[in-house]
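K.L.:
Just so it is clear: in the sequence shown, position 15 is 14 by the numbering used here, and no numbers are missing.
Please read through the structure below; I'll follow up with questions.
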Amino acid sequence: MADAPTLAALRAAAFAAMENAYAPYSKFRVGAALLAPTGEIVAGCNVENSAYPAGTCAERVAVGAAVVRGLRHFTHVVVATEASAPTPPCGICRQVLSELAPECLVISVTRGGAEAQWRLAELLPHPFTPSLLRDE
Ligand code: THU
């Protein structure tokens, strides 16, 4: 588990990213912040589109931004929303996180101060893994 100042920085990064969310259709703003083992924090927000399925979740935007920076492993992800209850990542994001952060702790926080956390393995107990691509 990351130390308290690091977790506070992760929460702050997730909320700051949420402020930049582009969510004119759902009005559901989401920010996500990933923590790499190096201590680096990379954030993302949801980016919606008038062609609705083309929109992307905050978690996947954060993963893409982190990979661009050369980061491919994460220990924690904080998801921030303005919902009343903490929200876990959607199914696609669970699968994406399982590739680069299979052991990660997912912490969901709300503007109102509600918080929940899960291990990714609890949220996605049977991910599709690279080894399943080949019968070796
Ligand atoms: N959304 C996220 O960004 N992350 C999630 O884990 C759940 C949903 C976004 C997608 C869409 O822009 C909006 O929230 C409503 O579904």
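Built from N, CA and C at the ideal position, the CB exists for glycine as well.
Determine the closest residue to GLY38 out of PHE73, CYS44 and ARG10, with distance taken between C-alpha atoms.
P.N.:
On the sequence shown, position 39 is the one that residue 38 refers to. Selected option, being the one with the closest Cα: PHE73.
K.L.:
Taking contact to mean at least 3 C-beta pairs separated by less than 8 Å, is the stretch 7-14 in contact with the stretch 23-34?
P.N.:
Cβ pair count under 8 Å is three or more, so yes.
K.L.:
Indicate the three-state DSSP secondary structure (helix, strand or coil) for LEU123 in the structure shown.
P.N.:
Position 124 of the sequence shown, counted from the first residue, corresponds to residue 123. Correct three-state label for LEU123: coil.
K.L.:
Need the endpoints of the alpha helix (DSSP H) that GLU98 sits in, please.
P.N.:
For this step, residue 98 is matched to residue 99 along the sequence shown. Its alpha helix (DSSP H) spans residues 90-99.
K.L.:
From what residue to what residue does the alpha helix (DSSP H) around ARG59 run?
P.N.:
For this step, residue 59 is matched to residue 60 along the sequence shown. Segment 57-67, the alpha helix (DSSP H) holding ARG59.
K.L.:
In whole angstroms, what separates the C-alpha of GLN116 from that of THR128?
P.N.:
For the purposes of this step, residue 116 is taken as residue 117 along the sequence shown, with counting starting at 1. For the purposes of this step, residue 128 is taken as residue 129 along the sequence shown, with counting starting at 1. The straight-line gap from Cα to Cα measures roughly 23 Å.
K.L.:
Enumerated in chain order, which unbroken segments of the beta strand (DSSP E) with a length of 3 residues or greater are wholly contained in the stretch 19-59?
P.N.:
Entirely contained in the stretch 19-59, the beta strand (DSSP E) runs reaching 3 residues are, in chain order, 29-34 and 40-44.
K.L.:
If I follow the unbroken beta strand (DSSP E) through GLU132, where does it start and stop?
P.N.:
Taking the first residue of the sequence shown as 1, we reach residue 132 at position 133. Before going on, a small fix: residue 132 reads as Leu here, not Glu. Unbroken run through LEU132: none, as it is neither H nor E.
K.L.:
Just confirm the distance between the C-beta atoms of PRO85 and GLU114, as a whole number of angstroms; I'd bet it's less than 8 Å.
P.N.:
To locate residue 85, count along the sequence shown from 1; it is residue 86. To locate residue 114, count along the sequence shown from 1; it is residue 115. At roughly 6 Å, the Cβ-Cβ gap stays under 8 Å, so PRO85 and GLU114 are in contact.
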